[in-house]
Amino acid sequence: MPLSKLQGVKLPASADFHVHLRDGDMMDLVTPTIREGGVNTVFVMPNLVPPVTTVDRALDYKKRLQAIEPNVNFLMSLYLHETITPETIIEAKKRGITGVKSYPAGVTTNSSAGVVDYAAFYPVFAEMERQDMILNLHGEVPSQGDVTVLSAEERFLPTLKQLHEKFPKLRIILEHCTTAAAVEAVKECGPTVAGTSKSVPTLNFPLVPRSYLTTLDVVTAHHLSIIIDSWAGDPFCFCKPVAKTPADRDALLRAAASGNPKFFFGSDSAPHPAASKRGGEKIAAGVFTQPYTTQLVVDAFEQACQNGVLKEEDITPKIIEGFMSTFGRAFYGLESEQKEFITLEKKDEKVVNILKSDKVDVVPFRRDQQTWSVTWSA
Ligand code: DOR
Ligand code: ZN
948 MPLSKLQGVK
958 LPASADFHVH
968 LRDGDMMDLV
978 TPTIREGGVN
988 TVFVMPNLVP
998 PVTTVDRALD
1008 YKKRLQAIEP
1018 NVNFLMSLYL
1028 HETITPETII
1038 EAKKRGITGV
1048 KSYPAGVTTN
1058 SSAGVVDYAA
1068 FYPVFAEMER
1078 QDMILNLHGE
1088 VPSQGDVTVL
1098 SAEERFLPTL
1108 KQLHEKFPKL
1118 RIILEHCTTA
1128 AAVEAVKECG
1138 PTVAGTSKSV
1148 PTLNFPLVPR
1158 SYLTTLDVVT
1168 AHHLSIIIDS
1178 WAGDPFCFCK
1188 PVAKTPADRD
1198 ALLRAAASGN
1208 PKFFFGSDSA
1218 PHPAASKRGG
1228 EKIAAGVFTQ
1238 PYTTQLVVDA
1248 FEQACQNGVL
1258 KEEDITPKII
1268 EGFMSTFGRA
1278 FYGLESEQKE
1288 FITLEKKDEK
1298 VVNILKSDKV
1308 DVVPFRRDQQ
1318 TWSVTWSA
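Structure representation (structure tokens):
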């Protein structure tokens, strides 16, 4: 039984606050699929090779993305790196960079130049706090000793709390959270007051405060449906942080459907050429969802209603709108009124088997399976 009340529902365009669009041939292939997922605003990750560590490079990257898809608003980020100084942050703010992404060294794709010691960046965080720039955290510790991919996120949570305590006005996002423990940690952090006490009027929502501090951007599309067993048997479900237990997934579903503005959407769509997912040296971490972002979230909510994790009456258009559009836009201080709309429909659409150009290919999450359809409305 489809979530029938969503049939034909019109919603403001979605916003996706965590995307990997790569560069070169892969960028050319995946960037035009952003709007297919019902999305008109994206926050772009900087883990290119080499990583985007200067404002000039970030703005140059933005130009190339805009040339491919002028109808998407690209918000850019810098890669937290030893060459980034408080002066870089001042320049970044002036020239329109939105956030700084921190990758712990060695935990995921293109993270070898990442952070080893957070304390070394305290002067940078202090400047970010002054400039009201967002810190986007990949919240894992490296696997070593008794830490594995299963405990890596939970073991990071004390660092999140420490950063929050040390920089109480710094707006922090714990990206792609995958555990019930992280959901609780995010709820416990903030809100803070000074400097961020503005409120943003939003369509259909009276006032969403910008004063909440640490939020969980990426409840991703795929972590709302997969668990350990999914990636243990299928490299196309393997990503970092890895999906965890059914109880963790259900906590994410409940957070996403809760209407709490601390939780909003970021797909973490992470394309890799099909061959690098199918073996060789090491399987690349990343799940590609870009053309189906909104659709996959609605699929996951629908599945959760069927499994009794969520109740049908709780999945209202307004709940979806908050999670997919309003809350993230408010946190990032974007326009409050959407001028573009999408319509959801359950038809016979199936996720394509593979996306390819004559240069590169990528296999999407849940290939060949049925999904919702999204069309742009006037
Ligand atoms: O699975 C992932 N893939 N996690 C990340 O943090 C990075 C991403 C990528 O760039 O492929
Ligand atoms: Zn990512």
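Residues in the sequence shown are numbered consecutively from 948, following the numbering used here. Note that the Cβ used here is the ideal one computed from N, Cα and C, for glycine as well.
Opposing strand residues paired with residue i [DSSP bridges]
i, result
"N1246", "A quick correction: the sequence has Asp, not Asn, at residue 1246. In DSSP, D1246 forms no bridge with anything."
"P959", "F1288"
"N1083", "K1048 and I1120"
"K952", "Answer is none; K952 lacks a bridge partner."
"F1020", "In the sequence as presented, Phe is not what sits at residue 1020; that position holds Asn. DSSP lists T988 as partners of N1020."
"F1072", "None, per the DSSP bridge assignment."
"Y1026", "K1048"
"T1322", "T1290"
"D1308", "K1303"
"S1216", "V966 and V1234"
"E1317", "This sequence places Gln at residue 1317; Glu is not what is there. Partner(s): K1297."
Rounded C-alpha distance that separates residue i from residue j
i, j, result
"S1214", "L1012", "18 Å"
"V966", "G1255", "30 Å"
"I1036", "F1210", "26 Å"
"T1056", "V996", "10 Å"
"T1032", "P1070", "8 Å"
"R1118", "I1267", "24 Å"
"F1185", "V1063", "24 Å"
"W1249", "L1006", "Per the sequence shown, residue 1249 should be read as Glu rather than Trp. Those two C-alpha atoms are separated by around 39 Å."
"V1019", "V989", "7 Å"
"K957", "T1236", "22 Å"
"L1171", "V1244", "7 Å"
"S1320", "K1294", "7 Å"
"A1190", "A1204", "19 Å"
"R1314", "S1324", "26 Å"
"S951", "G1206", "20 Å"
"Y1026", "T1095", "25 Å"
"T1143", "A1277", "Residue placement at T1143 is poorly supported in this model, since its pLDDT is 30, which falls under 50; the coordinates still yield a value, given next. So the alpha carbons of these two residues sit roughly 12 Å apart."
"S1158", "C1136", "Note that S1158 scores 45 on pLDDT, short of 50, meaning its location in the model is unreliable; the coordinates nonetheless yield the value given after this. One C-alpha to the other measures close to 12 Å."
"G1226", "D1181", "11 Å"
"S1283", "V1299", "33 Å"
"K1009", "F1212", "21 Å"
"R1201", "L1097", "21 Å"
"A1168", "T1241", "8 Å"
"T1290", "G985", "9 Å"
"P1188", "K1108", "19 Å"
Contact set for residue i: own chain, Cβ-Cβ below 7 Å, skip 5 residues either direction
i, result
"E1307", "A small fix is needed here, since residue 1307 is Val in this sequence, not Glu. Here the set comprises D972, M973, L976 and P1220."
"D1195", "T1125, T1126 and A1127"
"M992", "H965, V966, H967, S1024 and K1048"
"V1088", "P1051, V1094, A1099, R1102 and F1103"
"K1286", "none"
"S1090", "V1096 and A1099"
Beta-carbon proximity list for residue i, same chain, < 8 Å, skipping 5 on both sides
i, result
"K1113", "Y1069 and F1072"
"T1045", "F990, L1022, M1023, S1024, M1080, I1081 and Y1279"
"K1297", "D1315, Q1316, Q1317 and T1318"
Neighbourhood of residue i by C-beta, 6 Å cutoff - its chain only, sequence neighbours within 5 removed
i, result
"S1050", "Per the sequence presented here, residue 1050 reads as Tyr, with Ser not at that position. S1058, G1061 and H1085, listed in sequence order."
"V1310", "F1183, A1221 and I1301"
"N1083", "G1046, K1048, I1120 and E1122"
"A1247", "L1171 and S1172"
"P1218", "M973, V977, F1235 and V1309"
"L953", "L1291"
Chain C within 8 Å of residue i, Cβ atoms only
i, result
"K1041", "No chain C appears in this structure, which consists of one protein chain only."
The ligand COA heavy atom lying under 7 Å from the CB of residue i
i, result
"D1215", "As presented, the structure is devoid of the ligand COA, carrying the ligand DOR and the ligand ZN as its sole ligands."
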